[in-house]
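In the working numbering, the protein residues as written are 65 to 342. Have a look at the structure below before the remarks.
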Amino acid sequence: MNRKYEKLSHQLDKLPFIDELRIKFATTSDEFLQAMKLIHQAYEKKGLVNDNKECYFSPYILLPKNKIIVIKKNQKVIGTISVIEDSPLGIPMDKVHPEDINSLRKKKINFIEIGAFAIAPKYHHYGLSLLLYRAAFIYINQYTNADCAVIAVHPRVSKLYNNLFQFEVFGNEKEYESLNDAKSIPLLAKSSNSVKFIKNNKILSRDIEKNNILSEYTDSLNIYDSEGKDIDNIFIWNDNCILNYFNKCEIKLNQLPLKQKELLDWLYPVLRSHSSID
Numbered sequence: 065m066n067r068k069y070e071k072l073s074h075q076l077d078k079l080p081f082i083d084e085l086r087i088k089f090a091t092t093s094d095e096f097l098q099a100m101k102l103i104h105q106a107y108e109k110k111g112l113v114n115d116n117k118e119c120y121f122s123p124y125i126l127l128p129k130n131k132i133i134v135i136k137k138n139q140k141v142i143g144t145i146s147v148i149e150d151s152p153l154g155i156p157m158d159k160v161h162p163e164d165i166n167s168l169r170k171k172k173i174n175f176i177e178i179g180a181f182a183i184a185p186k187y188h189h190y191g192l193s194l195l196l197y198r199a200a201f202i203y204i205n206q207y208t209n210a211d212c213a214v215i216a217v218h219p220r221v222s223k224l225y226n227n228l229f230q231f232e233v234f235g236n237e238k239e240y241e242s243l244n245d246a247k248s249i250p251l252l253a254k255s256s257n258s259v260k261f262i263k264n265n266k267i268l269s270r271d272i273e274k275n276n277i278l279s280e281y282t283d284s285l286n287i288y289d290s291e292g293k294d295i296d297n298i299f300i301w302n303d304n305c306i307l308n309y310f311n312k313c314e315i316k317l318n319q320l321p322l323k324q325k326e327l328l329d330w331l332y333p334v335l336r337s338h339s340s341i342d
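So, in structure tokens, the structure goes:
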């Protein structure tokens, strides 16, 4: 076990609130909006955004097949990560690393982007990041057709992601214009290898395994919603949730690029009336 894993293992073993945690998909408006607020707060603290809005806006997260994974402590979302499948809109990394992502498409490699990661500041030193990433890898590995996961990170942490999850650099360093020109480098990992790597390092303590906070099996991942819907269910957010989200992001449909506008207009017709209001 490398030193970073030893540190995370110690943090997870010391979790004082293990019985209060639940890892699941965001399936309610409240969970969704809490996650989006948490992402915006995290990005704001890092200096990646400075727009004073309530929520982080991403059209990709609104597409039906994409998933938001959250860690909840009782009713509060304290951590989140998203898995974004390729679609007619592409993925967020297309904005900064289009050549690298297109090279995967040309090679017929199926991929999913892991992104929109955030943990509430109060819970930064409990090893929760590993729980979120492993949940994402398990979902990708067992319930999608993707061969690998891609992620964009700051170059200074690329080695860390290799040590923890077996990510490898597969492109050049660029700047993320929409995130205040933050430096970005693309990484790629085979999800099945990442799951095995985490398991072999025995990072999860006996108590965590025993409490089913995270396991190899989706039914004990707690990522079914309260009604027990199938994991592959096509999920569309309700009208009130979507309108509330756009209001908190201070965005109207007609402000989006044409392809995003057309797709979201088709998925969420309620946004048409919202956009027509001055």
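Heads up, the beta-carbon is just placed ideally off N, CA and C, and yes, glycines get one too. Keep in mind the model is a prediction, meaning the values are calculated, not measured.
Asked: Hey, out of Asn244, Ser255 and Ile215, whose CA is closest to Asn236's CA?; Found: Ile215
Asked: Output needed for Phe261: all residues of its chain with C-beta closer than 6 Å, excluding positions within five of it in sequence on either side, in chain order.; Found: Gln230
Asked: In chain order, what residues of the same chain lie with their CB nearer than 8 Å to the CB of Lys323, ignoring the 5 residues before and after it?; Found: Pro152 and Leu153
Asked: In the DSSP output, what is Ser146 paired with across the bridge?; Found: Ile132 and Gly179
Asked: Considering Glu326, what are the terminal residues of the alpha helix (DSSP H) in which it resides?; Found: Leu322 to Leu331
Asked: Quick check: the Cα distance between Leu278 and Arg220, rounded to an integer number of angstroms?; Found: Low per-residue confidence applies at Leu278: pLDDT is 40, beneath 50, and the placement is therefore not dependable enough to give any value.
Asked: Taking the C-alpha atoms as reference points, what is the distance between Met100 and Ala182?; Found: 9 Å
Asked: Report the three-state DSSP secondary structure of Ala213 (helix, strand or coil).; Found: strand
Asked: With respect to the beta strand (DSSP E) encompassing Ser89, which residues constitute its N-terminal and C-terminal limits?; Found: The sequence given here has Phe at residue 89, not Ser. First-last of the beta strand (DSSP E) with Phe89: Leu85 to Phe89.
Asked: Closer than 8 Å by C-beta to Arg336: which residues in its own chain qualify, once you throw out the five before and the five after it? Chain order, please.; Found: Leu317 and Asp329
Asked: Can you grab the Cα-Cα spacing for the pair Ile148 / Asp158, in whole Å?; Found: 12 Å
Asked: Are Gly111 and Asn244 touching if we call contact CB-CB under 8 Å?; Found: yes
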